[in-house]
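Asker:
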Amino acid sequence: MSKTKDISLTVNGEVLTANVPVRMNLVDFLRHEAGLTGSHVGCEHGVCGACTIEVNSDTVRGCLMLAVQADGATVTTIEGLADSGRSAALIAAFTRRNALQCGFCTPGMLASAIAYVEGGGIADKQAIRDHISGNYCRCTGYQSVVDAIHDVVTEGASA
Amino acid sequence: MTGPATIFDKPNTYIGQPTPRADAARLLQGRGRFVDDLQLPRMVHAAFFRSPHAHARILSIDTTAARAAPGVVAVYTGAELAEHVTPYVGVLTHLAGLRSAPQHPIAIDVARWQGEPLVMVIAQTRAQAEDACELIEADLEELPPAVDAETALTADAPVIHADFGSNLAWERKVDVGHIDNAFAAPDVTIVEREFRFGRHTGVTLESRGTVCDFDPSEQTLTMHYSGQAPHMMQVILSRHIGVAEENVRVISNDVGGSFGIKIHTYGDEIAAAAAAKLLKRPVKFIADRMESFMTDIHARDHVVKARMGISAEGSIVGIDFHDLTGVGPYSMYPRTSAIECNQVLNLTGAPYALENYRAHGQVVFQNKNMMCQYRAVGHPIAMAVADGLLEDAARAIGKDPVEVRRRNLMRDDSYPRASASGMKLDDLSHQKALEKLVEIMDYDALRADQIKMREKGIYRGIGFVSMVEVTNPSPMFYGVGGAHIASMDGATVRLDAAGALHVSSSITEQGQGTNAILGQIAAGVFGVPIERVKVTTGDTATVPYGGGTWASRGAGIGGEAMLQAAHALKTQVLDVAGVMLQSPVAALDIRNGAVVDAETGAERITLDALARTVYYRGNELPSDLKPELIATRHYRVTDFPFVFTNGAMAAHVEVDTETGFVKVLHFWAVEDCGRVINPMLVDEQVRGGVVQGIGGALYEECLYSPEGQLLNTTMADYIVPMASEMPEITVAHIETPTKTSVLGAKGAGEAGTGGAPAALLNAVNDALSPMDTSIWQMPMTPERILKALGKV
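Those protein sequence lines, which keep their order, are chains E and G. First residue of the first sequence: 0, per numbering that gives the first Met the number 0; consecutive thereafter. First residue of the second sequence: 0, per numbering that gives the first Met the number 0; consecutive thereafter.
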């Protein structure tokens, strides 16, 4: 299992090149090779959503994609969303609503939320619940998360 | 309790305010500090070869190929590790008769549950360690397992620990009053049910894990710990790995959910710590999700046969039950696996004025993963049994369940008093909570809707629970039984030279908002803007000694210590200010970062000016003034074993009688946790707790085959609540501060998990009542509901 491959990808605006084991998944590469530990690993098979990231503008499970598949891709993680200011409104709303407790699901929750908000999601709580149903949270019970996303959609509509 | 009672009406208090958590910024920007985020120089990784069988004799283990595999640094079998780690036994003396066998981090001669570690492999990467595990050849002789708790005590059941002669770990009986006479009285109706509570587990989204490091030059062991009780872990590591207690440092940064799961002693984590010592370098072990399901403690797993007697007028005359619970092959160390059963015996029916109460609890060993304390220990069982029977009895005599509660709840003006089981109770508000609940849910309208919907063939149900919650435990919980677990907590408050406050506490943060409420208390009681408070928790090297955050004790015990420390520092600072300003101390106060005239609020000297004088220019102060700009206080609960809270909750559900699916339409919770320090954080604790309770009631179950194989070890197979199916949860409060502290805060974190299952059970049975059927097993899966309806 020593097969490796050279890859080059853009992560949060920075070009990274690396030689990675072909079996390494993308989120492990981001966390342990690129040092971007904001993305988390919860279930390792695409169910819990803690590793959700953006790859070439698509919302992707970082644990279901190999690092080698990201060769040439543009990847944005929670760190990138924060640094660029794209997640600023969500960060403010999540803080105001206490829409996180332990914070472990939060990176994936924000990645899904930003896809909803930027994708023109409507201010409908059941629609928001359906959208984030691929992101498990064991702490909040979801209501505050739904309210926070709803706030951002509403603010965006009135802005 | 005497003390600085004026703190709550100060102009700059933060107590009672929905102040956002300062920690949120870090977590929302991907800057969290979880254990697996750590990368230390020369760090190696542990993986475990685990027993594939529930019960097996280890004949031989060949690790030759594993040791030669690429990247492998070391391999340890149970026998090899046992030379470096002393075994542990999960018993406590106050649980009289509880027995358990010595346990090793890695099994030596017999594996007693599927998933028990058999070999630890340490390699340069986790992947290499797992590759090497594949090369291990274990010759295991399968032994007959005792899987089913209900047959574990039968004569032909395999005995898991031969020396004990049976699989009985512990039992307790309570017998108060004359239950048989009470049940035999002429106008008494008896309802009898068999309740079954499935095994479930915490599913912390961050799995268990640790990074341990050992420095041989100073003989120091550092454990980076995802857990709730750093000082407890410090003692455990010291005693079992052989490092002086003062040389063990346990650091708990961000914890990705714990819920009780991460407060126990796990063989794989202890083995990783021992490996760090042996290899003199950092060792990381992070459980993967399958390991989490197989080895994180499980909870519940009770079968309760219970009866309640009720008079024709609706007075409960008594409860009589037998609780059987299977806890796996050992009692978990160090908190034991008898606590949950003990709580069921303590808490069942505790909201009600009962004269006759008989209970028999039995805890048995079995070849499944170990069972131990998970959020709301024993509460979901106790509440579902009592309130399930209550609503069953109400139906039997044709009374409204709210009316029956009104008749039987302990009166709000009747405290202090004791429960039938002997629990000391004070400062409770069952009556007020129930009335508030009925008001906010608009009960009458829901009943009208129920009737209307039934005519359309839509079956909705309303279910209630009136509950107590054990919070703020005293030394009577663990310490009295010999556990090395602190029941007191400490807080230190220090004024720095810039006028900011640095506070530290022995309670821990796992997302509840511990750090936030500590900051609120310190800022308000001392008198600085909350932005000027820096909070440190979770490091045995820097925080005062104490228990941590569990059993809903953080705010009530750690918060009171912080209040007392902040008040002490305020007194000390005002003594200095009085001298500097030539003013009587009583004429001064501290507000918003300055010493002010207490009367007018006019600023006299800012705290930074005062502090700089003390720290830099002490020559300006009288020689006999000895300024202390730091204060530490500790607090423990005295006179009560626990400080009980109470609550009333209701669920509104719709049962699809074709599919068996239950839709939770809405949930209401009225909670009395005493003084509310941060209403937003308390509401979110209650909501999160309710959803975990809904999970246990409707979805979550660890399913075992008859051979003891855990069948659902992925998050696709083990169902937890998702956003789309969860209801809106309305939370309201009654505030009855506890008299055991100045702060008056009780716990709130476990109420939802303790109460929601009972409310859900009652709501489903209310919905099913027109079909004249009912269900008494959790989780209430569609299949079980269809069985109750006779459709499958």
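Idealized CB from N, CA, C, for every residue including glycine.
Report the partner residues of G:Pro185 according to the DSSP bridge assignment.
Answerer: The residue labelled residue 185 of chain G in the question sits at position 186 within the second sequence. Answer is none; G:Pro185 lacks a bridge partner.
Asker: Measure the C-alpha to C-alpha separation of G:Phe163 and G:Val376 and round it to an integer number of angstroms.
Answerer: Your numbering for residue 163 of chain G matches position 164 in the second sequence. Your numbering for residue 376 of chain G matches position 377 in the second sequence. Looking at the two C-alpha atoms, the distance is approximately 27 Å.
Asker: Quick check on G:Cys340: does DSSP put it in helix, strand or coil?
Answerer: Taking the first residue of the second sequence as 1, we reach residue 340 of chain G at position 341. Helix at G:Cys340.
Asker: Identify the contact partners of E:Arg85 in chain G, using a Cβ-Cβ distance below 9 Å as the criterion.
Answerer: Counting from one through the first sequence, the residue named residue 85 of chain E turns up at place 86. Ordered by position in chain G, no residue passes the 9 Å Cβ test against E:Arg85, which lies about 12 Å from the chain.
Asker: Closer than 8 Å, CB to CB, is G:Gln571 near chain C or not?
Answerer: In the structure shown, chain C does not exist; the protein chains are E and G.
Asker: Looking at G:Glu559 and G:Tyr634, is the spacing between their C-beta atoms short of 8 Å?
Answerer: Translated into the one-based positions of the second sequence, residue 634 of chain G becomes position 635. Translated into the one-based positions of the second sequence, residue 559 of chain G becomes position 560. It is a contact, given that the beta carbons lie within the stated cut-off.
Asker: Closest to G:Val72 by C-alpha separation, out of G:Arg111, G:Gln123 and G:Val84, would be which residue?
Answerer: Taking the first residue of the second sequence as 1, we reach residue 72 of chain G at position 73. Ranking G:Arg111, G:Gln123 and G:Val84 by Cα distance to G:Val72 puts G:Gln123 first.
Asker: Less than 8 Å between the C-beta atoms of G:Gly753 and G:Met370, yes or no?
Answerer: Sequence index remark: in the second sequence, residue 753 of chain G carries index 754 (1-based). Sequence index remark: in the second sequence, residue 370 of chain G carries index 371 (1-based). Contact flag unset, no.
Asker: If you draw a straight line from the alpha carbon of G:Met0 to that of G:Leu517, how long is it in whole angstroms?
Answerer: By 1-based counting over the second sequence, the position of residue 0 of chain G is 1. By 1-based counting over the second sequence, the position of residue 517 of chain G is 518. Below a pLDDT of 50, predicted positions are generally treated as unreliable, and G:Met0, at 44, falls in that range; no measurement from the model is reported.
Asker: In the structure shown, what three-state DSSP assignment does G:Gly2 receive?
Answerer: If you number the second sequence from 1, residue 2 of chain G lands on position 3. Caution applies to G:Gly2, whose pLDDT of 48 falls short of 50 and renders its modelled position unreliable; the value that the coordinates give is listed next. Coil at G:Gly2, not helix or strand.
Asker: Show which residues of chain G have a CB atom less than 8 Å away from the CB atom of E:Ser143.
Answerer: The sequence position of residue 143 of chain E within the first sequence is 144, counting from 1. The contacting residues are Glu683 and Arg686.
Asker: Starting from the Cα of G:Pro86, find the closest Cα among G:Leu167, G:Arg25, G:Ala270 and G:Ala67 and give me that residue.
Answerer: Locating residue 86 of chain G in the second sequence gives position 87, where the first residue counts as 1. The shortest C-alpha separation from G:Pro86 is found at G:Ala270.
Asker: Consult DSSP for G:Ala349 and reduce its assignment to one of helix, strand or coil.
Answerer: The residue you call residue 349 of chain G lines up with position 350 of the second sequence. In this structure, G:Ala349 counts as coil in the three-state DSSP scheme.
Asker: Alpha carbon to alpha carbon, what distance is there between G:Val173 and G:Ala357?
Answerer: By 1-based counting over the second sequence, the position of residue 357 of chain G is 358. By 1-based counting over the second sequence, the position of residue 173 of chain G is 174. The amino acid occupying residue 357 of chain G in the given sequence is Arg; Ala does not appear at that position. About 5 Å.
Asker: In terms of residue numbering, what span does the alpha helix (DSSP H) encompassing E:Lys110 cover?
Answerer: As a first step, residue 110 of chain E is located in the first sequence; it is residue number 111 there, counting from the start. Per the sequence shown, the amino acid found at residue 110 of chain E is Ala instead of Lys. Where E:Ala110 is concerned, the enclosing alpha helix (DSSP H) stretches over Thr105 to Glu117.
Asker: Cβ of G:Arg56 within 8 Å of Cβ of G:Leu139?
Answerer: On the second sequence, position 57 is the one that residue 56 of chain G refers to. On the second sequence, position 140 is the one that residue 139 of chain G refers to. A contact, by the Cβ cut-off of 8 Å.
Asker: Would G:Val527 and G:Gly592 be called neighbours here (beta carbons separated by less than 8 Å)?
Answerer: For the purposes of this step, residue 527 of chain G is identified with residue 528 of the second sequence, where counting begins at 1. For the purposes of this step, residue 592 of chain G is identified with residue 593 of the second sequence, where counting begins at 1. Yes; because the gap between Cβ atoms is below 8 Å, this pair is in contact.
Asker: May I have the straight-line CA-CA distance separating E:Gly71 from G:Gln511, to the nearest angstrom?
Answerer: As a first step, residue 71 of chain E must be located in the first sequence, where it is residue number 72. As a first step, residue 511 of chain G must be located in the second sequence, where it is residue number 512. Taking the straight line from one Cα to the other gives about 41 Å.
Asker: In the segment 96 to 107 of chain E, which residues sit with their C-beta less than 9 Å from some C-beta in chain G, listed in chain order?
Answerer: Taking 9 Å as the Cβ-Cβ cut-off against chain G, the residues of the segment 96 to 107 of chain E that qualify are Arg96, Asn97, Ala98, Leu99, Gln100, Cys101, Gly102, Phe103, Cys104, Thr105 and Pro106.
Asker: Taking a cut of 9 Å between CB atoms, which residues from the segment 7 to 29 of chain G lie near chain E?
Answerer: If the cut-off is 9 Å between Cβ atoms, the segment 7 to 29 of chain G has Pro17, Pro19, Arg20, Asp22, Ala23, Ala24, Arg25, Leu26, Leu27, Gln28 and Gly29 near chain E.
Asker: Should G:Ala67 go down as buried or exposed, given a rule of 16 or more other Cβ atoms within 10 Å for buried?
Answerer: Within the second sequence, residue 67 of chain G is the residue found at index 68, counting from 1. Looking at its Cβ environment, which holds fewer than 16 other Cβ atoms inside 10 Å, G:Ala67 is exposed.
Asker: Taking buried to mean at least 16 other C-beta atoms within 10 Å of its own C-beta, is G:Met770 buried or exposed?
Answerer: Within the second sequence, residue 770 of chain G is the residue found at index 771, counting from 1. Counting Cβ neighbours within 10 Å, G:Met770 comes out exposed, since fewer than 16 surround it.
Asker: On the criterion of 16 or more Cβ atoms from any shown chain inside 10 Å, does G:Gln519 qualify as buried, or is it exposed?
Answerer: Here the question's residue 519 of chain G lines up with position 520 in the second sequence. Classification for G:Gln519: buried.
Asker: Among residues of its own chain, excluding the 5 on either side of G:Ile135, which ones have a beta-carbon nearer than 6 Å to its beta-carbon?
Answerer: Stepping through the second sequence from its first residue, residue 135 of chain G is reached at position 136. Counting only Cβ-Cβ distances below 6 Å, and skipping sequence neighbours, we find Phe48, Thr62, Ala65 and Val118.
Asker: Roughly how many whole angstroms lie between the Cα atoms of G:Thr735 and G:Phe643?
Answerer: Translated into the one-based positions of the second sequence, residue 735 of chain G becomes position 736. Translated into the one-based positions of the second sequence, residue 643 of chain G becomes position 644. Cα to Cα, G:Thr735 sits roughly 11 Å from G:Phe643.
Asker: If I follow the unbroken beta strand (DSSP E) through G:Val534, where does it start and stop?
Answerer: For the purposes of this step, residue 534 of chain G is taken as residue 535 along the second sequence, with counting starting at 1. Here the beta strand (DSSP E) through G:Val534 covers Val532 to Thr536.
Asker: Our contact map puts G:Leu220 next to G:Val242 with C-beta atoms below 8 Å; I'd like the distance itself, whole angstroms only.
Answerer: Within the second sequence, the letter at position 221 stands for residue 220 of chain G. Within the second sequence, the letter at position 243 stands for residue 242 of chain G. 5 Å between Cβ atoms; contact.
Asker: So, is the C-beta of E:Leu109 closer than 8 Å to a C-beta in chain G?
Answerer: For the purposes of this step, residue 109 of chain E is identified with residue 110 of the first sequence, where counting begins at 1. Yes, E:Leu109 lies at the interface with chain G (some Cβ there is under 8 Å from its Cβ).
Asker: How should G:Glu133 be labelled, buried or exposed, when 16 other C-beta atoms within 10 angstroms of its C-beta is the threshold for buried?
Answerer: Position 134 of the second sequence, counting from 1, holds the residue named residue 133 of chain G. Exposed is the call here.
Asker: Which of the three DSSP states is assigned to G:Ile135 in this structure?
Answerer: Counting from one through the second sequence, the residue named residue 135 of chain G turns up at place 136. If DSSP states are grouped into helix, strand and coil, G:Ile135 belongs with coil.
Asker: Using only the alpha-carbon positions, how far apart do G:Leu236 and G:Ala78 sit?
Answerer: On the second sequence, position 237 is the one that residue 236 of chain G refers to. On the second sequence, position 79 is the one that residue 78 of chain G refers to. Near 19 Å, if we compare the C-alpha coordinates of G:Ala78 and G:Leu236.
Asker: Could you work out which residue in G:Ser50, G:Gly387 and G:Gly421 is closest to G:Phe639 when comparing CA atoms only?
Answerer: Position 640 of the second sequence, counted from the start, is the residue given in the question as residue 639 of chain G. Of the listed residues, the one whose Cα sits closest to G:Phe639 is G:Gly421.
Asker: Just to confirm, is the Cβ distance from G:Ala23 to E:Thr36 under 8 Å?
Answerer: Indexing the second sequence from 1 puts residue 23 of chain G at position 24. Indexing the first sequence from 1 puts residue 36 of chain E at position 37. No, Cβ-Cβ distance for G:Ala23 and E:Thr36 is not below 8 Å.
Asker: Which chain G residues are close to E:Thr76, counting only those with a beta carbon under 7 Å from its beta carbon?
Answerer: The count along the first sequence starts at 1 and reaches residue 76 of chain E at position 77. Within chain G, the residues near E:Thr76 are Gly29.
Asker: For G:Gln511, would you say it is in contact with chain E, using Cβ-to-Cβ distances shorter than 8 Å as the test?
Answerer: If you number the second sequence from 1, residue 511 of chain G lands on position 512. Yes, because at least one Cβ of chain E sits closer than 8 Å to the Cβ of G:Gln511.
Asker: Does E:Met0 pass the burial test, meaning 16 or more other C-beta atoms within 10 Å, or should it be called exposed?
Answerer: Within the first sequence, numbered from 1, the residue matching residue 0 of chain E stands at position 1. Since pLDDT at E:Met0 reaches only 49, below the 50 mark, its modelled position is unreliable, and no value is offered.
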